[in-house]
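Below is one structure, written out as C-alpha coordinates; comments come after it.
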Amino acid sequence: MRTTLQTWNPWHELDQLSHQFEQLFGRQWPASGKQNRMKFGAVNVLKGDSGVLVQMAVPGFEADDLDISLTHNSLTVKASRETEGAETDNVSRQERYGRQFSKTISLPVDVNPTSCDATYSKGVLTLKLELPAEQQPQKIEVKAL
8 MRTTLQTWNP WHELDQLSHQ FEQLFGRQWP ASGKQNRMKF GAVNVLKGDS
58 GVLVQMAVPG FEADDLDISL THNSLTVKAS RETEGAETDN VSRQERYGRQ
108 FSKTISLPVD VNPTSCDATY SKGVLTLKLE LPAEQQPQKI EVKAL
(Lines of atoms letter the chains of each structure in order from A and count residues from 1; the text may use other names and numbers.)
(Lines give C-alpha, C1' and ligand atoms only; values in the text may rest on other atoms or scores of the structure.)
Protein backbone atom coordinates (compact mmCIF):
# COMPACT_ATOMS: atom_id res chain seq x y z
CA MET A 1 0.00 0.00 0.00
CA ARG A 2 1.36 3.38 -1.01
CA THR A 3 0.56 6.65 0.75
CA THR A 4 1.29 10.10 -0.63
CA LEU A 5 1.74 13.03 1.72
CA GLN A 6 0.49 16.43 0.64
CA THR A 7 1.12 19.79 2.19
CA TRP A 8 -2.10 21.09 3.65
CA ASN A 9 -3.02 24.66 2.75
CA PRO A 10 -5.64 26.03 5.16
CA TRP A 11 -6.51 28.81 2.68
CA HIS A 12 -7.14 26.55 -0.31
CA GLU A 13 -10.94 26.53 0.06
CA LEU A 14 -11.02 30.29 0.55
CA ASP A 15 -8.90 30.79 -2.58
CA GLN A 16 -11.28 28.57 -4.56
CA LEU A 17 -14.30 30.50 -3.27
CA SER A 18 -12.63 33.79 -4.18
CA HIS A 19 -11.89 32.51 -7.69
CA GLN A 20 -15.51 31.37 -8.17
CA PHE A 21 -16.78 34.76 -6.94
CA GLU A 22 -14.54 36.53 -9.46
CA GLN A 23 -15.78 34.33 -12.31
CA LEU A 24 -19.42 34.81 -11.34
CA PHE A 25 -19.42 38.56 -10.66
CA GLY A 26 -16.44 39.70 -12.74
CA ARG A 27 -14.62 41.30 -9.80
CA GLN A 28 -12.57 40.33 -6.78
CA TRP A 29 -14.26 38.97 -3.70
CA PRO A 30 -14.13 41.84 -1.16
CA ALA A 31 -12.75 39.64 1.63
CA SER A 32 -9.79 38.48 -0.45
CA GLY A 33 -7.75 41.62 0.14
CA LYS A 34 -6.57 41.55 -3.47
CA GLN A 35 -8.53 44.53 -4.82
CA ASN A 36 -5.75 47.11 -4.91
CA ARG A 37 -3.06 44.59 -5.71
CA MET A 38 -4.96 43.29 -8.73
CA LYS A 39 -6.46 46.49 -10.19
CA PHE A 40 -3.67 48.90 -9.48
CA GLY A 41 -0.03 48.68 -8.89
CA ALA A 42 1.17 46.93 -12.00
CA VAL A 43 4.66 48.40 -11.76
CA ASN A 44 7.76 48.35 -13.93
CA VAL A 45 10.99 49.51 -12.29
CA LEU A 46 13.98 49.91 -14.59
CA LYS A 47 17.43 50.88 -13.31
CA GLY A 48 19.74 52.71 -15.68
CA ASP A 49 23.16 54.35 -15.40
CA SER A 50 21.76 57.74 -14.43
CA GLY A 51 18.61 56.81 -12.56
CA VAL A 52 15.48 54.74 -12.12
CA LEU A 53 12.40 54.71 -14.34
CA VAL A 54 9.12 53.71 -12.65
CA GLN A 55 5.93 53.07 -14.61
CA MET A 56 2.76 52.35 -12.64
CA ALA A 57 -0.74 51.58 -13.92
CA VAL A 58 -3.19 53.93 -12.20
CA PRO A 59 -6.29 53.87 -14.44
CA GLY A 60 -9.38 55.94 -13.78
CA PHE A 61 -7.71 58.87 -12.06
CA GLU A 62 -6.62 62.35 -13.09
CA ALA A 63 -3.15 63.78 -12.46
CA ASP A 64 -4.60 65.98 -9.68
CA ASP A 65 -5.88 62.86 -7.86
CA LEU A 66 -2.34 61.53 -7.37
CA ASP A 67 -0.19 62.14 -4.30
CA ILE A 68 3.42 60.99 -4.67
CA SER A 69 6.06 60.92 -1.95
CA LEU A 70 9.66 59.87 -2.39
CA THR A 71 12.51 59.11 -0.02
CA HIS A 72 15.98 57.90 -0.92
CA ASN A 73 14.87 54.29 -1.44
CA SER A 74 11.07 54.24 -1.21
CA LEU A 75 8.25 55.51 -3.42
CA THR A 76 4.64 55.90 -2.26
CA VAL A 77 1.79 56.63 -4.67
CA LYS A 78 -1.66 57.45 -3.32
CA ALA A 79 -4.75 58.28 -5.34
CA SER A 80 -8.32 59.12 -4.44
CA ARG A 81 -11.37 60.04 -6.45
CA GLU A 82 -14.80 60.97 -5.18
CA THR A 83 -18.01 59.52 -6.61
CA GLU A 84 -19.36 61.53 -9.50
CA GLY A 85 -23.06 62.12 -9.94
CA ALA A 86 -26.16 63.34 -8.20
CA GLU A 87 -27.53 62.56 -4.77
CA THR A 88 -27.94 58.89 -3.95
CA ASP A 89 -31.75 59.24 -3.60
CA ASN A 90 -32.07 59.88 -7.35
CA VAL A 91 -29.72 57.13 -8.51
CA SER A 92 -31.45 54.06 -9.94
CA ARG A 93 -28.21 52.18 -10.65
CA GLN A 94 -24.66 52.93 -9.57
CA GLU A 95 -21.69 50.83 -10.61
CA ARG A 96 -19.04 53.56 -10.52
CA TYR A 97 -17.87 54.53 -7.09
CA GLY A 98 -15.26 56.80 -5.67
CA ARG A 99 -12.10 54.93 -4.95
CA GLN A 100 -8.72 55.25 -3.39
CA PHE A 101 -5.55 53.27 -3.15
CA SER A 102 -2.02 53.48 -1.84
CA LYS A 103 1.07 51.58 -2.87
CA THR A 104 4.62 51.78 -1.56
CA ILE A 105 7.52 50.17 -3.38
CA SER A 106 11.16 49.82 -2.47
CA LEU A 107 13.55 51.16 -5.07
CA PRO A 108 16.55 49.07 -6.17
CA VAL A 109 18.99 51.90 -5.33
CA ASP A 110 18.99 55.19 -3.46
CA VAL A 111 17.73 58.11 -5.55
CA ASN A 112 17.82 61.87 -5.21
CA PRO A 113 14.39 62.71 -3.70
CA THR A 114 14.62 66.35 -4.83
CA SER A 115 15.09 65.47 -8.50
CA CYS A 116 12.05 63.69 -9.94
CA ASP A 117 10.09 64.08 -13.17
CA ALA A 118 6.52 62.72 -12.99
CA THR A 119 4.08 62.48 -15.90
CA TYR A 120 0.64 60.86 -16.17
CA SER A 121 -0.86 59.79 -19.48
CA LYS A 122 -3.58 57.29 -20.41
CA GLY A 123 -3.69 55.76 -16.93
CA VAL A 124 0.07 55.26 -16.62
CA LEU A 125 2.18 57.21 -14.13
CA THR A 126 5.81 57.56 -15.23
CA LEU A 127 8.50 58.72 -12.83
CA LYS A 128 12.09 59.45 -13.79
CA LEU A 129 14.24 59.41 -10.66
CA GLU A 130 17.86 60.52 -10.70
CA LEU A 131 20.66 58.85 -8.81
CA PRO A 132 22.58 61.04 -6.37
CA ALA A 133 25.65 62.60 -8.01
CA GLU A 134 28.01 60.38 -6.03
CA GLN A 135 26.28 57.24 -7.37
CA GLN A 136 26.24 58.26 -11.03
CA PRO A 137 28.96 56.73 -13.17
CA GLN A 138 31.92 59.07 -13.56
CA LYS A 139 34.04 59.12 -16.68
CA ILE A 140 37.70 58.61 -15.92
CA GLU A 141 40.20 59.96 -18.36
CA VAL A 142 43.17 57.74 -19.09
CA LYS A 143 46.46 59.58 -19.60
CA ALA A 144 49.18 58.16 -21.76
CA LEU A 145 52.65 58.00 -20.20
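For the sequence shown, the positions run 8 to 152 when our numbering is used.
Ideal Cβ positions, reconstructed from N, Cα and C, are used throughout, including at glycine.
DSSP three-state assignment for glutamate 137, whether helix, strand or coil: strand
Cα-Cα separation, asparagine 51 to asparagine 97: 42 Å
For alanine 49, the three-state DSSP class (helix, strand or coil): coil
Reference lysine 110; option with closest CA among Val61, Lys150, Leu21 and Pro17: Val61
Selection from Phe68, Gly55 and Ile147 that minimises the alpha carbon distance to glycine 130: Phe68
For threonine 78: DSSP bridge partner residues: Its beta-bridge partners do not exist; DSSP assigns none.
Where leucine 31 falls, given that 16 or more other Cβ within 10 Å makes a residue buried: exposed
Coil, strand or helix - glutamine 145 by DSSP: coil
Coarse secondary structure for alanine 151, derived from DSSP in three states: coil
Residue range of the unbroken beta strand (DSSP E) whose run includes valine 59: 58 to 64
Distance, leucine 82 Cα to arginine 44 Cα: Annotation note: pLDDT 45 at arginine 44 (below 50); position unreliable, no value reported.
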